Amino acid sequence: MATHKNTIHIPFLLEKKDVVLVKPAKPTPSEVLSFSTIDTDPNLEIICQTIYAYKAKRFSSSDDNGHALASSNGKTHDLDSCDPANVIRDALSRVLVYYYPLAGKLKKHSDGELRLNCNAAGVPFLVATANCELSSLGYLDGITVELAKPFVFDWPGDGGDGRHPLVLQVTKFSCGGFTIGMGISHSVCDGFGAAQFFRALAELASGKREPPVKPVWERERLVGTPSKTPFQIPIDKASLATSPHLPPTEIVHDCFYVNSESTKRLKTTLMKQCGDEAPKEGFTTIEALGAYVWRSRFRALELNSDGTTLFTMTVGYRRLLNPPLPDGYYGNAFGAAHATIMGKDLNEGPLSRVSKLIKEGKKIACSSDYIWNSIDMLESMRRQNIKFETNDATLVLTDWRRLGLVEEVDFGWKGPVNMIPVPWNMFGYVGLCIFTSPSSLDPAMKGGVRVLVSLPAAAIPKFKEEMNALSLGDDKALA
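Given below as structure tokens:
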């Protein structure tokens, strides 16, 4: 079933302490680092914010003075070690010995080049206390953007020496639960790289002396060669579909829940539509649900049927390159797979055809020639100061479900029960759609998908209607 949960609107008070700069626990190299071609994509010059929710850690006993606590496994903890903020701050200082670039400053220089000054300036770290239980906020499941924002913070660059590539906020709740709000520069790392750093932070917080996977910079591996001919935009912008709802007067950030049963039924319906031409390997969730979301968005935005629509999805390069990137590489290592279709065909044609187009686009994007041509194209665009921009007709889909952002980040309080991204303006708010794993506290959503979208307020009712149709279970609704 596809559902849309009621939004949580619970007022609470948040007391924030002063921001402190957490520096590496040991001396680190002082150097200036350059970036790869992908890192320097202007669309990545943003801070991506995510929030992780952790339930309270239960201890069996404490002494009258609170100096020691015994956990369920019999180990004794002093008071500081039971405070998540102290544990995480200590782990942060130690993990920065390995990820020392994240303690530096990011700056675009007069020559237009983005560089990272590894000067051990430190990571802005903030501790906050909320006067409510985390459960009262549903462990952030269904929370509004307005309520989520206080659990992360922006830290502007000071002076002319650039900005911090990483900030962290730990918010403690009256129940003993807590959240970690992380803001990290997309120029420095992609989702895989951010997950790698966060896992390393968790590993040190849970008792390991060093991260099992050592970070690797080596951004020169993904530097392209600019083409000698001027770059040409591959799509005729005049032919792209447009929406009467864009540009929007009001944007709504919303989340829709698609359980595994609905996804399985959708895939089965698509295979039946294909008949004898059904792909032997079937359809993946991205291919099936991505096609459905693409069409739903088209209908919600009321795009014109005689215009072209574009579907773009991220494709990871780490294991596609020969030789593959080394374990520990945490820079941006992804590109885009594309599919295009006329609006009328998207709206009225069989959905299985749309899924096939996405599958074909993925296959093409995984070839070595395509990857390096894309990187070379990006380098040409960068040098000509051309930025790839989306418009009304473009959907950019990124899938976070396999990044290890939830299952593998145990700070000693077990893994987070929920993780949510805070919407950011990448390719335009309305162009971006994110698939994430659902909260682990909802057993009915095991194996399901959360679909995060940002749309004009006027388009939300129709998009909601389309997503709810997934729960009907008849071929007509999914055709």
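Just so you know, the numbering used here puts 160 at position 86 of the sequence shown, and the rest follows in order with no gaps.
Beta carbons are placed, not taken as given, at the ideal position from N, Cα and C, and that holds for glycine.
Quantities reported herein were computed from a predicted structural model and do not represent experimental measurements.
- Scanning its chain for C-beta atoms nearer than 7 Å, with the 5 sequence neighbours on each side dropped, one finds around Gly409 the residues Val389, Tyr391, Ala439, Ile445, Ser448, in chain order.
- In the DSSP annotation of this structure, the continuous segment of the alpha helix (DSSP H) that includes Gln347 starts and ends at 334 to 348.
- With fewer than 16 other Cβ atoms from the protein chains shown falling within 10 Å of its own Cβ, Lys100 counts as exposed.
- Bounds of the beta strand (DSSP E) holding Val244 are 240 to 246.
- Bridge partners of Arg457 according to DSSP: none are assigned.
- Residue burial is scored here from C-beta neighbours: Ser429 has at least 16 other C-beta atoms within 10 angstroms and is therefore classed as buried.
- DSSP, read as helix, strand or coil, puts Pro353 in coil.
- For the pair Gly267 and Tyr174, the CB atoms are not nearer than the 9 Å cut-off.
- CA-CA distance, Pro230 to Ser545, rounds to 44 Å.
- Going by beta carbons, Thr383 and Leu420 fall inside the 9 Å limit.
- Its chain contains Phe86 as the residues whose beta carbon lies nearer than 6 Å to that of Cys206, once the 5 sequence neighbours on both sides are disregarded; these appear in chain order.
- Proximity to Leu88 across Ser108, Gly265, Phe247, Ile112 peaks at Phe247, based on C-alpha coordinates.
- With contacts defined as CB atoms closer than 9 Å, Arg293 and Ser442 fail to qualify as a contacting pair.
- In this chain, the alpha helix (DSSP H) harbouring Tyr366 covers 359 to 375.
- The Cβ-Cβ distance between Leu188 and Ser261 falls below 9 Å.
- Between the C-alpha atoms of Ala352 and Lys433 there is a straight-line separation of about 12 Å.
- Here Gly417 really is in contact with Asp380; their C-beta atoms are around 7 Å apart, less than 8 Å.
- For Met541, the enclosing alpha helix (DSSP H) starts and ends at 534 to 542.
- In the three-state scheme derived from DSSP, where H, G and I count as helix and E and B as strand, Val290 is classed as strand.
- In the DSSP assignment, Ile309 forms no beta bridge with any residue.
- The alpha-carbon of Met387 is positioned some 23 Å away from that of His319.
- For Leu200, the number of other beta carbons within 10 angstroms of its own is at least 16, and it is reported as buried.
- Straight through space, the alpha carbons of Ala362 and Leu344 are spaced by roughly 8 Å.
- DSSP assignment within the region 147 to 228 yields the following whole alpha helix (DSSP H) runs of 4 residues or more, N-terminal first: 158 to 169, 219 to 222.
- Leu166 and Leu221 have their C-alpha atoms roughly 26 Å apart.
- Across the structure, Ala315 and Leu375 are spaced so that their CA atoms are roughly 10 Å apart.
- Bounds of any alpha helix (DSSP H) do not take in Val106; it lies within the beta strand (DSSP E) bounded by 105 to 108.
- The region 210 to 218 and the region 168 to 186 do not touch, with fewer than three beta-carbon pairs separated by less than 8 Å.
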